[in-house]
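Trainee: Have a look at this one.
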Amino acid sequence: MLKARNIMALACLLLLAPAQAALSAPPAVPGVPAMASWIDAKTGHRIMRLSDEPGASALYFNENAYTPQGDKMVYRTDRGIWSVDLPGWKQRLLVPGKDLQLLFTGRKNRTVYYAVRGAPEAGGPSGKDGDTRPMQVWLADLDSGKTRKIADLRGATVSALNADETLLAGVSAERAMQLQPGAAPREAAFGQAAYAANGPDGKPLTFAEAKEVRLNDRLEAKIPMEIFTIDVRTGERRTVTKSTDWLNHLLFSPTDPNLLMYCHEGPWHKVDRIWTVDLRGGKPTKIHTRTINMEIAGHEFWAPDGKTIWYDLQTPRGEVFWLASYDLATAKRRWYAVDRNEWSVHFNISPDQKVFIGDGGDNEMVAHAPDGKWLYLFSPREIPDVAGIHAPGAESLITPGTLDSEKLVDMSKHDYRLEPNARFTPDMKWLVFRSNLEGRPGVYAVEVAKTGN
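Take the position in the sequence shown, starting the count at 1, then add 681; the result is the number in the working numbering.
Next comes the structure, spelled out in structure tokens:
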């Protein structure tokens, strides 16, 4: 009897082990990344590995990765840019090439935009994070695979596409400055520089604190910069704004082709980060104003309808956490309280704008969470007035709320120097994210509903 129970227990453990728990991944196809599927033993949610080929990487959390119809997704590996059918997860190599940089998909057409980079050029202007490589911007049709070149750039980086696919937006700096001296602009394993620095006592800082030092060094350099647009049809380049502030994180509204969001980069407690500018004229608009010392706001993203900007807010940094929003039409604000363990490197929102996701964080990051290495699903809940009794002028005050959470993925084996950057699929049935939870970077999806539900 004891022997039988042991055999049954062993069988259950094997069933839950990711390496041996393939469920219903598509069959292996020559030339297509190997896929696997298993149930997360701690959360009960199904995880699908789409690819762990060298260079496997999904897009940044606020960049568009889907067709307008929601039937295809893109990601990249060292072999090139891949398209993935949704649903079904069938994959094909759309644009071959080892050194292609995936940029984003179009919101109007069935197109994917990517960059081909040349060798670094000494002297002169640079693009994002001191990158001096020439940049060719290309697009590919997601159905036919046909490609064409859109623009040639030197000393600049294109990083955004507007809603009707008529304008690209980018940044250019007067001179180059690497964030981490002596390091490559982007380390392959983590998608960012391998930050290192010593503190005032001469002792090495953590990765997260060393990154703050390097961000401050770049901010204090006060390098003249500009944000520009390029007309996709004519190639015309036009300056949007100039500054010696560090300009970064460009993101067009998903609905208004003339509204561009961007940030002032640097240590968040030092900069006024979130801004918008209307390309039809007018001055840049600041979205959030600090009210206490060490307050920070950032990792901003658009709601799908383009009416609201969401962002991570902390009052003060590392102590009190909120998921905050700003309504562009009414200036109305909402703040949802976030538990320390549920603070996330990035938050995101569902296509129907009813729920949020967070990708968690490790104990070295800003929240210093003792148990924060999870992918979360959040349901917002507003805090009502007691007994329906309203304070005078309540309608003009910040609307408070909280987030009810569910854990989707155990990220305890994930190294957060690689940001997960989770996003919903258009049908809201899956979250796509990147992780090194199996020992090397890969692209994954987790099913929002528990298996059997």
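Cβ coordinates follow ideal geometry from the N, Cα and C atoms, glycine included.
1. According to DSSP, P777 sits in a beta bridge with which residue or residues?
2. Helix, strand or coil: how does DSSP classify N939 here?
3. Specify the secondary structure class of L896 as computed by DSSP and reduced to three states.
4. Report all residues from its chain with a CB closer than 6 Å to the CB of G1053; omit the five preceding and five following residues, and keep chain order.
5. Which residues mark the beginning and the end of the beta strand (DSSP E) in which G979 is found?
6. Report buried or exposed for Q750, applying the criterion of at least 16 other Cβ atoms within 10 angstroms of its Cβ.
7. What are the boundary residues of the beta strand (DSSP E) that W1111 is part of?
8. Tell me A844's beta-bridge partners as DSSP assigns them.
9. Could you check what DSSP says for D810 in three-state terms: helix, strand or coil?
10. So S840 packs on K809, CB below 8 Å; how close in whole Å?
11. Keeping to the same chain, check which residues put their C-beta closer than 6 Å to that of W1111; ignore five residues upstream and five downstream.
12. Let me check understanding here. Comparing Cα to Cα, which of P1065, W1055 and H1071 lies closest to D1091?
13. Could you check if L656 is buried or exposed, using at least 16 other CB atoms within 10 Å of its CB as the buried criterion?
14. Specify the secondary structure class of A839 as computed by DSSP and reduced to three states.
15. Taking all protein chains shown into account, do 16 or more other C-beta atoms lie within 10 angstroms of the C-beta of D986, making it buried, or fewer, making it exposed?
16. Starting from W956, follow its DSSP beta bridges and name the residues at the other end.
17. Within its chain, find whatever has a CB closer than 6 Å to the CB of Y756; leave out the 5 residues flanking it on each side and keep chain order.
18. Smallest Cα separation from T786: which of G804, A1018, D780 and D752?
19. Using C-beta distances below 8 Å, list every residue in its chain close to K964, excluding the 5 sequence neighbours before and after it, in chain order.
20. Beta strand (DSSP E) containing L1089: first to last residue?
21. Check the C-beta distance from I908 over to L932 and give it rounded, since I have them as a contact under 8 Å.
22. Ordered along the chain, which non-local residues of its own chain (more than five positions away) have a Cβ less than 6 Å from that of Y876?
23. Any contact of the stretch 1099-1111 with the stretch 1044-1052, i.e. 3+ C-beta pairs under 8 Å?
24. Could you check if R1104 is buried or exposed, using at least 16 other CB atoms within 10 Å of its CB as the buried criterion?
25. CA-CA distance, A978 and P711?
26. Measuring alpha carbon to alpha carbon, tell me which of D812, R1015 and K1088 ends up nearest A1075.
27. Take the Cβ of L1118 as the centre, count every other Cβ of all protein chains shown within 10 Å, and call the residue buried at 16 or more, exposed below.
28. Residues in its own chain within less than 6 Å of D1008 by CB, not counting five upstream and five downstream?
29. Is the separation between the beta-carbon of L678 and that of L823 shorter than 8 Å?
30. At what residues does the beta strand (DSSP E) containing V793 begin and finish?
31. When the distance is taken between beta carbons, is G1039 closer than 8 Å to Y1017?
32. Under a Cβ-count criterion, where at least 16 other Cβ atoms within 10 Å of its own Cβ denotes burial, should P1073 be classed as buried or exposed?
33. Straight-line CA distance for D845 to R814?
34. By how many angstroms is the C-alpha of Y992 removed from the C-alpha of F1028?
35. Cβ atoms of F1059 and N743: under 8 Å apart, would you say?
36. Leaving out five residues before and five after D830 in sequence, what residues of the same chain have Cβ atoms less than 8 Å from its Cβ?
Mentor: By the coordinates alone:
1. Within the sequence shown, the letter at position 96 stands for residue 777. Paired residues: G761.
2. Along the sequence shown, one-based indexing puts residue 939 at 258. N939: coil per DSSP, three-state reduction.
3. The residue labelled residue 896 in the question sits at position 215 within the sequence shown. In the structure shown, L896 sits in a helix (DSSP, three-state: H, G or I).
4. By one-based count along the sequence shown, residue 1053 stands at place 372. Result list for G1053: N1022, G1041 and G1042, in chain order.
5. Here residue 979 refers to the residue found at position 298 of the sequence shown. Residues I977 to W983.
6. Mapped onto the sequence shown, residue 750 falls at position 69. Classification for Q750: exposed.
7. Start at 1 with the first residue of the sequence shown, and residue 1111 comes out as number 430. Unbroken beta strand (DSSP E) run through W1111: W1111 to S1116.
8. Position 163 of the sequence shown, counted from the first residue, corresponds to residue 844. None; A844 has no bridge partner.
9. On the sequence shown, residue 810 is found 129 positions in, with the first residue counted as 1. Here D810 sits in helix by DSSP.
10. Along the sequence shown, read from residue 1 onward, the residue named residue 840 stands at position 159. Along the sequence shown, read from residue 1 onward, the residue named residue 809 stands at position 128. Indeed they touch by this definition, with Cβ atoms about 6 Å apart.
11. Residue 1111 sits at position 430 when you count from the first residue of the sequence shown. Cβ within range, chain order: A1126 and E1128.
12. Counting from 1 along the sequence shown, the entry for residue 1091 is found at position 410. Here the closest residue by C-alpha is W1055.
13. Past the edges of the chain, shown from 682 to 1134, lies residue 656, and the structure says nothing about it.
14. Numbered from its first residue, the sequence shown carries residue 839 at position 158. Going by the sequence as given, residue 839 is Val instead of Ala. Residue state, collapsed to three classes: strand.
15. If you number the sequence shown from 1, residue 986 lands on position 305. D986 is exposed by the Cβ-count criterion.
16. Numbered from 1 along the sequence shown, position 275 holds the residue referred to as residue 956. Y943 and K967.
17. Translated into the one-based positions of the sequence shown, residue 756 becomes position 75. Closer than 6 Å at the Cβ level, and outside the excluded window around Y756, lie A739, W763 and V1124.
18. To locate residue 786, count along the sequence shown from 1; it is residue 105. Among G804, A1018, D780 and D752, the Cα nearest to that of T786 is on D752.
19. Here the question's residue 964 lines up with position 283 in the sequence shown. Correct list, in chain order: V958.
20. Counting from one through the sequence shown, the residue named residue 1089 turns up at place 408. Counting along the chain, the beta strand (DSSP E) containing L1089 begins and ends at T1080 to D1091.
21. As a position in the sequence shown, residue 908 is number 227, starting the count at 1. As a position in the sequence shown, residue 932 is number 251, starting the count at 1. Going by Cβ atoms, the distance from I908 to L932 rounds to 12 Å, so no, they are not a contact pair.
22. Reading the sequence shown from its first residue, position 195 is the one you call residue 876. Around Y876: Q861, F888, A891, K892 and R895.
23. no
24. Stepping through the sequence shown from its first residue, residue 1104 is reached at position 423. By the 10 Å Cβ count, R1104 comes out buried.
25. By one-based count along the sequence shown, residue 978 stands at place 297. By one-based count along the sequence shown, residue 711 stands at place 30. About 46 Å.
26. Position 394 of the sequence shown, counted from the start, is the residue given in the question as residue 1075. For A1075, the nearest C-alpha among the options comes from R1015.
27. Residue 1118 sits at position 437 when you count from the first residue of the sequence shown. Flag for L1118 reads buried.
28. Against the sequence shown, residue 1008 aligns to sequence position 327. Counting only Cβ-Cβ distances below 6 Å, and skipping sequence neighbours, we find T989.
29. A question about residue 678 goes unanswered here, because the residues of the chain that appear run from 682 up to 1134.
30. For the purposes of this step, residue 793 is taken as residue 112 along the sequence shown, with counting starting at 1. Where V793 is concerned, the enclosing beta strand (DSSP E) stretches over T792 to R798.
31. Sequence index remark: in the sequence shown, residue 1017 carries index 336 (1-based). Sequence index remark: in the sequence shown, residue 1039 carries index 358 (1-based). In this structure, G1039 does not lie closer than 8 Å to Y1017 by Cβ.
32. Position 392 of the sequence shown, counted from the start, is the residue given in the question as residue 1073. Its Cβ having fewer than 16 others within 10 Å, P1073 is exposed.
33. Residue 845 sits at position 164 when you count from the first residue of the sequence shown. Residue 814 sits at position 133 when you count from the first residue of the sequence shown. Going by the C-alpha atoms only, they are around 28 Å apart.
34. Taking the first residue of the sequence shown as 1, we reach residue 1028 at position 347. Taking the first residue of the sequence shown as 1, we reach residue 992 at position 311. Near 8 Å, if we compare the C-alpha coordinates of Y992 and F1028.
35. Within the sequence shown, the letter at position 62 stands for residue 743. Within the sequence shown, the letter at position 378 stands for residue 1059. The answer is no: Cβ separation not under 8 Å.
36. For this step, residue 830 is matched to residue 149 along the sequence shown. According to the sequence as given, residue 830 is Lys; it is not Asp. So the list reads Q817, V818 and W819, once near-sequence residues are dropped.
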